[in-house]
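**Q** Shown below is the structure under consideration.
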Amino acid sequence: MNEKTVREKIFMAVQAAQGYKLESAEAIDRFIDQELPFAVRGTYGTNTSCVQLDNPGGDFVILDAGSGLRDLGLTLVKSGQAKKPSTYHFVMSHLHWDHLQGFPFFVPAFIPGNRIVIHAYHPEAEACFRQQMSGQFFPVHFDQLAADISFEIREPGTPFEVGGFSVTSMAQNHPGISYGYRFEKDGKCVVYSTDSEHKHDAYEKDYPFVGFFRGADLLIFDAQYTMADATFTKANWGHSSNVMGVELAARAGVRKLAIFHHEPTSSDAALEEFLFNTRMYCNIYHQETGGKLGHERYPEQILLAYDGLEMEI
666 MNEKTVREKI FMAVQAAQGY KLESAEAIDR FIDQELPFAV RGTYGTNTSC VQLDNPGGDF
726 VILDAGSGLR DLGLTLVKSG QAKKPSTYHF VMSHLHWDHL QGFPFFVPAF IPGNRIVIHA
786 YHPEAEACFR QQMSGQFFPV HFDQLAADIS FEIREPGTPF EVGGFSVTSM AQNHPGISYG
846 YRFEKDGKCV VYSTDSEHKH DAYEKDYPFV GFFRGADLLI FDAQYTMADA TFTKANWGHS
906 SNVMGVELAA RAGVRKLAIF HHEPTSSDAA LEEFLFNTRM YCNIYHQETG GKLGHERYPE
966 QILLAYDGLE MEI
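The working numbering numbers the first residue of the sequence shown as 666 and each following residue consecutively.
This is the structure we're talking about:
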């Protein structure tokens, strides 16, 4: 976010405050929270893919190592958690740089006593992590990291357990092949399905992703594009649309749908409109199509992921 964008947000906030009596910190907080849209009071952010699954009392479970990983590491430093010897499991969807680039800045990797396990289906995972920390690209070499780091490379599709979660997976349509993951623990289910393109075969009755998403409490879904972009101008780029996310979530009976992997050229205001249109389409879908197919009203909630978002399921 540049100076011009910040200034525009400040201007809109001050303009909206005209006529309000903001004579206390409590009144100001209330005005910000209740009167300003998210696109003005906050930002969806620009970090690349990194999601942490909360795992009280257990190991850390982190999905992908994009630039958001830097923020996670700094949060752990501020809380004091980074100083405690811990195990960090990274589950990688694929090896494109936007999903790796946060790792060299992850503070716990520099602290002795920590253990890091990187789980992947791609045989070249270790080589990619090491290469981005070679002398050509980064001043600290991978072997200089103080944590104990290992790689668990599995045959594609092999289920496994990590941090107490049962994990199954599915190969996805994306350049270089990405993998979606289904995490289940204590009767709850989260599906992480980013960097995946769904084409016309998604409308088939036995489309496998419907079963893969089935009954998830939360589906984190790559909807970088509008349906028009996904179908025409950006077909075969490896990403999907908000319309496809709504329809697959409805067919699979997903409770919460989190739109993920946003178009990087979109402003906060454009993303806010994208969320509004997604929710509107969900209403239209259920009015015109969902009922005929016997769907209940799913997803129950649609939201747009942003940097620092915390969700309870």
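A virtual CB, placed ideally from N, CA and C, is assigned to each residue, including glycine.
#1: If we count the other Cβ atoms within 10 Å of its Cβ and call it buried at 16 or more, is Phe-847 buried or exposed?
#2: Could you spell out the range, first to last residue, of the beta strand (DSSP E) harbouring Leu-728?
#3: Measure the Cβ-Cβ separation of His-754 and Asp-724 and say whether it is below 7 Å.
#4: Please specify which runs of the beta strand (DSSP E), each continuous and at least 3 residues long, are wholly inside the segment 882-963, giving them in chain order.
#5: Counting only the same chain and skipping the five closest in sequence on each side, list residues whose C-beta sits under 6 Å from that of Gly-918.
#6: Closest by CA to Gly-767, which one among Ser-932, Gln-889, Ile-781, Asp-729?
#7: For the 8 Å Cβ check, are there 3 or more pairs between the segment 940-949 and the segment 685-693?
#8: Determine the direct distance from the alpha carbon of Thr-954 to that of Lys-749, and round the result to whole angstroms.
#9: Flag this pair as touching only if the segment 806-816 and the segment 780-793 have three or more C-beta atom pairs under 8 Å; answer yes or no.
#10: Pick out whichever of Gly-710, Phe-807, Thr-833 has its Cα sitting closest to the Cα of Thr-823.
#11: Does the segment 865-876 touch the segment 898-914, meaning 3 or more C-beta pairs lie closer than 8 Å?
#12: Please report the Cβ distance between Leu-969 and Leu-936, rounded to the nearest whole angstrom; I am assuming they are in contact, meaning their Cβ atoms lie under 8 Å.
#13: Would you identify the three-state DSSP class for Val-756, choosing helix, strand or coil?
#14: Helix, strand or coil: which one does DSSP assign to Gly-745?
#15: With C-beta atoms as the reference, is Thr-859 less than 7 Å away from Ser-732?
#16: With which residues is Phe-816 paired in a DSSP beta bridge?
#17: With DSSP run on the structure shown, which of helix, strand or coil describes Glu-849?
#18: What did DSSP end up calling Gly-978 once you bin it into helix, strand or coil?
#19: Between which two residues does the beta strand (DSSP E) carrying Glu-826 extend?
#20: So, is Tyr-868 buried or exposed, given that buried needs 16 or more other C-beta atoms within 10 angstroms?
#21: Could you check how far apart the C-beta atoms of Asp-933 and Ala-704 are, in whole angstroms? I think they sit under 8 Å.
#22: Which partner residues of Met-835 appear in the DSSP bridge assignment?
#23: Below 7 Å between beta carbons: does that hold for His-784 and Val-805?
#24: Out of Gly-828, Thr-898, Glu-862, which has the shortest C-alpha to C-alpha gap to Asn-720?
#25: For the beta strand (DSSP E) containing Ile-675, name the first residue and the last one.
#26: Sorted by chain position, which residues of the same chain lie with C-beta nearer than 7 Å to Val-742's C-beta, five sequence neighbours on each side aside?
#27: Buried or exposed for Arg-735, please, with buried defined as at least 16 other CB atoms from any protein chain shown within 10 angstroms of its CB.
#28: Could you tell me the alpha carbon to alpha carbon distance between Ala-678 and Cys-854, rounded to whole angstroms?
#29: For Glu-826, which residues of its own chain have a beta-carbon under 7 Å away from its beta-carbon, when the five flanking residues on both sides are left out?
#30: Can you tell me whether Asp-830 is helix, strand or coil according to DSSP?
#31: What separation, rounded to the nearest whole angstrom, lies between the Cα atoms of Asp-694 and Gln-683?
#32: Answer with yes or no whether the minimum CB distance from Gly-778 to chain B is below 7 Å.
#33: For a test of the three-state rule: what should DSSP assign to Ile-967, helix, strand or coil?
**A** In this structure, then:
#1: The residue you asked about is not Phe; residue 847 is Arg in the sequence shown. Arg-847 comes out buried.
#2: 725-728
#3: yes
#4: 883-887, 921-925
#5: Gly-880, Tyr-963
#6: Asp-729
#7: no
#8: 52 Å
#9: yes
#10: Thr-833
#11: yes
#12: 6 Å
#13: strand
#14: coil
#15: no
#16: Ile-783
#17: strand
#18: According to the sequence as given, residue 978 is Ile; it is not Gly. DSSP places Ile-978 in coil when its eight states are reduced to three.
#19: 825-827
#20: exposed
#21: 4 Å
#22: Gly-845
#23: no
#24: Gly-828
#25: Run containing Ile-675: none in the beta strand (DSSP E); it sits in the alpha helix (DSSP H), 668-681.
#26: Val-772
#27: buried
#28: 39 Å
#29: Val-832
#30: The identity of residue 830 in the sequence shown is Phe, whereas the question assumes Asp. Note: Phe-830 maps to strand in three-state DSSP.
#31: 15 Å
#32: Among the chains in the structure shown there is no chain B, since it carries only a single protein chain.
#33: strand
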